[in-house]
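Asker: Right, I'll just put the structure down here and ask away after.
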Amino acid sequence: MGKRTFKLPGEEELNKDQDRIYDLPEDGPFLVVGGPGTGKSVVALLRAMKYHGNDDYIFLTYNHVLNMATKQLVDTPLKSWTIKSWFYKMYGHFAKESVPEKEPYKPDYDKIKTKFESLNMAPRSLHLIIDEGQDMPVKFYEALMYAGYQNFFVVADQNQQITDDHSSRQELANILGLDVNDVIELKENFRNSHPVALFASHFFTDPASPLPELPPESRSSLGVPVLYEYEDFTTIVRMMLREADKDDRNLIGVVVANDSQRDRFAGALASIDIDLDNPHPLVSTYSSKDKKQVNIDFSEGGIVVLNDKSIKGLEFDIVFIIIDGFQIYNNDIDAMKKRFYVMSSRAMKKLVLFKSKGYNGGVNRILPDDEKILKRETVA
Numbered sequence: 046m047g048k049r050t051f052k053l054p055g056e057e058e059l060n061k062d063q064d065r066i067y068d069l070p071e072d073g074p075f076l077v078v079g080g081p082g083t084g085k086s087v088v089a090l091l092r093a094m095k096y097h098g099n100d101d102y103i104f105l106t107y108n109h110v111l112n113m114a115t116k117q118l119v120d121t122p123l124k125s126w127t128i129k130s131w132f133y134k135m136y137g138h139f140a141k142e143s144v145p146e147k148e149p150y151k152p153d154y155d156k157i158k159t160k161f162e163s164l165n166m167a168p169r170s171l172h173l174i175i176d177e178g179q180d181m182p183v184k185f186y187e188a189l190m191y192a193g194y195q196n197f198f199v200v201a202d203q204n205q206q207i208t209d210d211h212s213s214r215q216e217l218a219n220i221l222g223l224d225v226n227d228v229i230e231l232k233e234n235f236r237n238s239h240p241v242a243l244f245a246s247h248f249f250t251d252p253a254s255p256l257p258e259l260p261p262e263s264r265s266s267l268g269v270p271v272l273y274e275y276e277d278f279t280t281i282v283r284m285m286l287r288e289a290d291k292d293d294r295n296l297i298g299v300v301v302a303n304d305s306q307r308d309r310f311a312g313a314l315a316s317i318d319i320d321l322d323n324p325h326p327l328v329s330t331y332s333s334k335d336k337k338q339v340n341i342d343f344s345e346g347g348i349v350v351l352n353d354k355s356i357k358g359l360e361f362d363i364v365f366i367i368i369d370g371f372q373i374y375n376n377d378i379d380a381m382k383k384r385f386y387v388m389s390s391r392a393m394k395k396l397v398l399f400k401s402k403g404y405n406g407g408v409n410r411i412l413p414d415d416e417k418i419l420k421r422e423t424v425a
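Shown next as structure tokens:
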């Protein structure tokens, strides 16, 4: 497969707001907010690199795929963990017992705080750099403070919340002891083409915040997003493979709702017989249920099939969203909008959606009607 540019920008490539963040003092709580593609993860990684020499940091990501992608972005070994893995390890180290849970993998933060309080934990100098910080609850941060941690650098976007237990921008500022004016906001979208960003903005749910700035219309684009309704599954698999064949440097993300869809598409994309100009694209996938190491190379072209909750913080040249399998439960339209906001904003150049003719999961009612934002076509 073709090589693609996948590296951390240098200090000289930062804009004014990112530069300000880079020059922040070493210690203290900091909160950086911004929409998709504004470089939140970039400034967090550059922050980590400042501490790399003395090893006085830990870089925390929400999921395993983002953790692997983050490690591939930097030239030096990154001291990084997924948030929950590190938290469980940290608690066990200090408390000498397992993390108390309300249910599997859901910590009982009240009991954790009580335990740390009883241990009279001393202040700790370790710098916690937390990506996608909105997906952890306020009590998570409170527990860390009871454990003595005080140097927080959190990047977040409350419009990209994908968990039930999460924190708003205001809640994060409050728990970190920051005034509104102390919160640093990144506004410039470096990732998406104008049509992709316009489509994603349709799913913006926060009435208290201004819409993210759209990138210039002149930015490289492969057209307005398209929704294809199909009858034959193999037809859309062939469409995706032909798209990959146009430029083997493109990394294509296929985003699905669940593991059964993930297995179905990953298997078909890897095995279907089709004449292509280039070698058959490499098809990669990952599920947290597999308990295997993430084996996805973000520096090469190919096709990556992932559940939507595994794509936080990632970016792809082209994204295909498979609508079948997504359901709106309890009429919670905002929750589904946030998922589509995250999914669609992963695409840099091109965004395509597919749904079968028989799909009736309710997502149709949240999609834009304006043909200038979303075109609709039918394929056999």
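Count along the sequence shown from 1, then add 45; that gives the number in my numbering. C-beta atoms are modelled at their ideal positions from N, C-alpha and C, and glycine is treated no differently. Keep in mind that this is a model prediction, so the values were computed, not measured.
Name the DSSP beta bridge partners of tyrosine 273, please?
Answerer: For tyrosine 273, which the question treats as bridged, DSSP gives the partners Phe399 and Glu422.
Asker: Pick helix, strand or coil for alanine 392, following the three-state DSSP scheme.
Answerer: DSSP places alanine 392 in strand when its eight states are reduced to three.
Asker: Report the three-state DSSP secondary structure of alanine 167 (helix, strand or coil).
Answerer: Coil.
Asker: What are the start and end residues of each continuous beta strand (DSSP E) run of 3 or more residues lying completely inside the segment 120 to 181, in chain order?
Answerer: Segments of the beta strand (DSSP E) lying fully in the segment 120 to 181: 125 to 127, 146 to 148 and 169 to 175.
Asker: To the nearest angstrom, report how far apart threonine 121 and valine 199 are at their CA atoms.
Answerer: So the alpha carbons of these two residues sit roughly 22 Å apart.
Asker: Would you check if the distance between the CB atom of alanine 192 and the CB atom of glutamate 177 is smaller than 8 Å?
Answerer: It is not a contact, given that the beta carbons lie outside the stated cut-off.
Asker: If you follow the alpha helix (DSSP H) that aspartate 308 is in, where does it begin and where does it stop?
Answerer: Element bounds for aspartate 308: 304 to 316.
Asker: Does the segment 383 to 398 come into contact with the segment 237 to 254, if we say contact requires no fewer than three beta-carbon pairs (one atom in each stretch) closer than 8 Å?
Answerer: Output reads yes: the segment 237 to 254 touches the segment 383 to 398.
Asker: Out of Gln215, Val349, Ser401 and Ala380, state which residue places its alpha-carbon closest to the alpha-carbon of isoleucine 367.
Answerer: Taking only the C-alpha atoms, the option nearest isoleucine 367 is Ser401.
Asker: If you compare alpha carbons, which of His97, Glu258 and Phe185 is closest to glutamate 71?
Answerer: Here the closest residue by C-alpha is His97.
Asker: Just to check my reading of the structure: glutamate 416 and arginine 391 have Cβ atoms closer than 8 Å, yes? What is that Cβ distance to the nearest angstrom?
Answerer: Not quite, the Cβ-Cβ distance comes to about 23 Å (not below 8 Å), so this is no contact.
Asker: Return helix, strand or coil for lysine 48, following the three-state DSSP convention.
Answerer: It is a strand residue.
Asker: With DSSP run on the structure shown, which of helix, strand or coil describes phenylalanine 371?
Answerer: Reduced to three states, the DSSP call for phenylalanine 371 is coil.
Asker: Can we say the segment 326 to 341 touches the segment 263 to 276, given the rule of at least three CB pairs closer than 8 Å?
Answerer: Too few Cβ pairs lie closer than 8 Å, so no.
Asker: Roughly how many whole angstroms lie between the Cα atoms of serine 329 and valine 282?
Answerer: For serine 329 and valine 282, the distance between alpha carbons rounds to 15 Å.
Asker: Expressed to the nearest angstrom, what Euclidean distance is found between the alpha-carbon atoms of aspartate 293 and lysine 124?
Answerer: Answer to the nearest angstrom: the Cα atoms are 32 Å apart.
Asker: Is the segment 162 to 169 in contact with the segment 211 to 227, if contact means three or more CB pairs nearer than 8 Å?
Answerer: Contact fails: fewer than three Cβ-Cβ distances are below 8 Å.
Asker: State the beta-bridge partners of isoleucine 363 as determined by DSSP.
Answerer: Answer by DSSP bridge pairing, in chain order: Ile297 and Lys395.
Asker: Just verifying my parser: in three-state terms, what is the DSSP assignment at leucine 37?
Answerer: No answer is possible for residue 37: the residues shown for the chain start at 46 and end at 425.
Asker: Given threonine 250, which residues of its chain have a CB within under 8 Å of its CB, disregarding the five upstream and five downstream residues?
Answerer: Only Asn204, Asp379, Lys382, Lys383 and Tyr386 meet the Cβ criterion.
Asker: Under 8 Å by Cβ, that's how I've got valine 397 and valine 300 pegged, so tell me the actual separation to the nearest angstrom.
Answerer: Rounded, the Cβ-Cβ distance is 11 Å, inconsistent with contact.
Asker: Can you find the residues in the same chain that come closer than 7 Å, C-beta to C-beta, to glutamate 276, ignoring five residues on each side of it along the sequence?
Answerer: Result list for glutamate 276: Lys402 and Ala425, in chain order.
Asker: Closer than 6 Å by C-beta to aspartate 362: which residues in its own chain qualify, once you throw out the five before and the five after it? Chain order, please.
Answerer: Around aspartate 362: Asn295, Leu296, Met393 and Lys394.
Asker: Taking 8 Å as the cut-off, decide whether the C-beta atoms of glycine 347 and leucine 327 are in contact.
Answerer: Result yes, Cβ atoms of glycine 347 and leucine 327 sit closer than 8 Å.
Asker: Please determine if the segment 129 to 140 and the segment 54 to 73 are in contact, where contact requires at least 3 C-beta pairs separated by less than 8 Å.
Answerer: The answer is no - the segment 54 to 73 does not touch the segment 129 to 140, with fewer than three Cβ pairs under 8 Å.
Asker: Please classify glycine 407: does DSSP put it in a helix, a strand, or coil?
Answerer: Coil.
Asker: For leucine 259, tell me which candidate among Asp210, His239 and Asp304 has the shortest Cα-Cα distance.
Answerer: Checked all of Asp210, His239 and Asp304; the closest Cα to leucine 259 is His239.
Asker: With a 10 Å radius around its C-beta and 16 neighbouring C-beta atoms as the bar for buried, classify lysine 431 as buried or exposed.
Answerer: One cannot answer for residue 431 here, as it falls past the ends of the chain, which runs 46 to 425.
Asker: Out of Pro261, Gly79 and Gly84, which one is the CA nearest neighbour of glycine 59?
Answerer: In the sequence under discussion, the amino acid at residue 59 is leucine, which differs from the glycine named in the question. Residue Gly84 is the option with its Cα nearest to leucine 59.
Asker: Can you say whether arginine 421 is buried or exposed, counting buried as having 16 or more other CB atoms within 10 angstroms of its CB?
Answerer: The residue is exposed, with fewer than 16 neighbouring Cβ atoms inside 10 Å.
Asker: Can you check whether the CB of proline 54 is closer than 8 Å to the CB of valine 77?
Answerer: Taking 8 Å as the Cβ cut-off, valine 77 and proline 54 do not qualify as a contacting pair.
Asker: On the three-state DSSP scale, how would you describe isoleucine 356?
Answerer: DSSP places isoleucine 356 in coil when its eight states are reduced to three.
Asker: Would you kindly report the start and end of the unbroken alpha helix (DSSP H) that includes valine 78?
Answerer: No alpha helix (DSSP H) holds valine 78; the beta strand (DSSP E) holding it covers 75 to 79.
Asker: Please say whether valine 350 and leucine 314 have beta carbons closer to each other than 8 Å?
Answerer: Closer than 8 Å, so yes.
Asker: Using the Cβ count rule (16 or more neighbours within 10 Å means buried), how would you classify arginine 287?
Answerer: Label assigned to arginine 287: exposed.
Asker: Taking all protein chains shown into account, decide if glycine 82 is buried (16 or more other Cβ within 10 angstroms of its Cβ) or exposed.
Answerer: When all chains shown are included, glycine 82 counts as buried.
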